[in-house]
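Below: the structure, in structure tokens.
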Amino acid sequence: MSFKLEQLSKEKLLQAVRIKKQCNARAQLIVESLLERYVSEDDFLRKLPEINQCHYNDVVDERHILHLCSYPLCGEIIETVPQQQYQISTLTNKVYDITDRKKFCSPHCFKASEYIKSQMLTSPLWLRHQEIIPAFKVLK
1 MSFKLEQLSK EKLLQAVRIK KQCNARAQLI VESLLERYVS EDDFLRKLPE
51 INQCHYNDVV DERHILHLCS YPLCGEIIET VPQQQYQIST LTNKVYDITD
101 RKKFCSPHCF KASEYIKSQM LTSPLWLRHQ EIIPAFKVLK
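For reference, each letter of the sequence shown is one residue, going 1 to 140 in the UniProt record's numbering.
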């Protein structure tokens with residue numbers, strides 16, 4: 001009996017590892033596809049349930065490296081990136097870290113990207129079958 005239980009749990013473990021690999025491979029393909037200059041809104045919304053926040057952060061960083069606006073629905077090229085790390089607001093008398101903001105061509109794209117990221121799940125992809133996947137909405 002012990003052998004059967006051990007065999008059964010080993011098979012389940014192997015199946016779980018296979019599912020994990022498949023999910024990660026699919027997510028990697030999605031990340032790569034979102035690095036294209038032009039991504040349609042329908043395509044973008046269809047792919048979001050298959051990635052998590054970490055993958056989306058990879059998309060943002062990789063698009064920045066490619067000198068594209070980091071919001072996948074924007075195809076703008078960012079030619080000059082501000083060198084400073086902080087910006088001082090004279091209206092609010094506050095200092096803001098603009099490290100992440102510099103990856104986008106406009107405040108709208110930054111807000112739209114943060115809006116998408118806030119809707120994304122943080123759970124592992126291979127456990128998604130146990131969760132309710134949100135209907136993603138883009139910021140207009």
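Glycine included, every Cβ here is placed at the ideal spot set by N, Cα and C. The structure presented is a predicted model; accordingly, all values stated were derived computationally and were not measured.
6 Å Cβ shell around residue i - same chain, five flanking residues per side excluded
i    : result
E62  : L35
A49  : Correcting the residue identity first, residue 49 is Pro in this sequence and not Ala. These residues qualify, in order along the chain: I133.
Q119 : P134, F136
R128 : none
Y115 : L139
Strand pairing of residue i, partner residues [DSSP]
i   : result
I77 : L68
7 Å Cβ cutoff met for residue i and residue j
i    : j    : result
Y56  : K117 : yes
W126 : I51  : no
R37  : G75  : yes
V17  : D58  : no
Enclosing alpha helix (DSSP H) for residue i [first to last residue]
i    : result
I116 : 107-119
D43  : 41-47
Other residues of its chain near residue i: CB distance less than 7 Å, five sequence neighbours each side excluded
i    : result
S113 : V60, S70, Y71, F104
E131 : L121, S123
Q53  : K117, M120, T122
For residue j and residue i, believed in contact at Cβ under 8 Å, the rounded distance
i    : j    : result
K111 : L139 : 6 Å
V39  : L73  : 6 Å
Close Cβ partners of residue i (< 8 Å) along its chain, the five nearest in sequence each way excluded
i   : result
F44 : L34, P72, L73, V138
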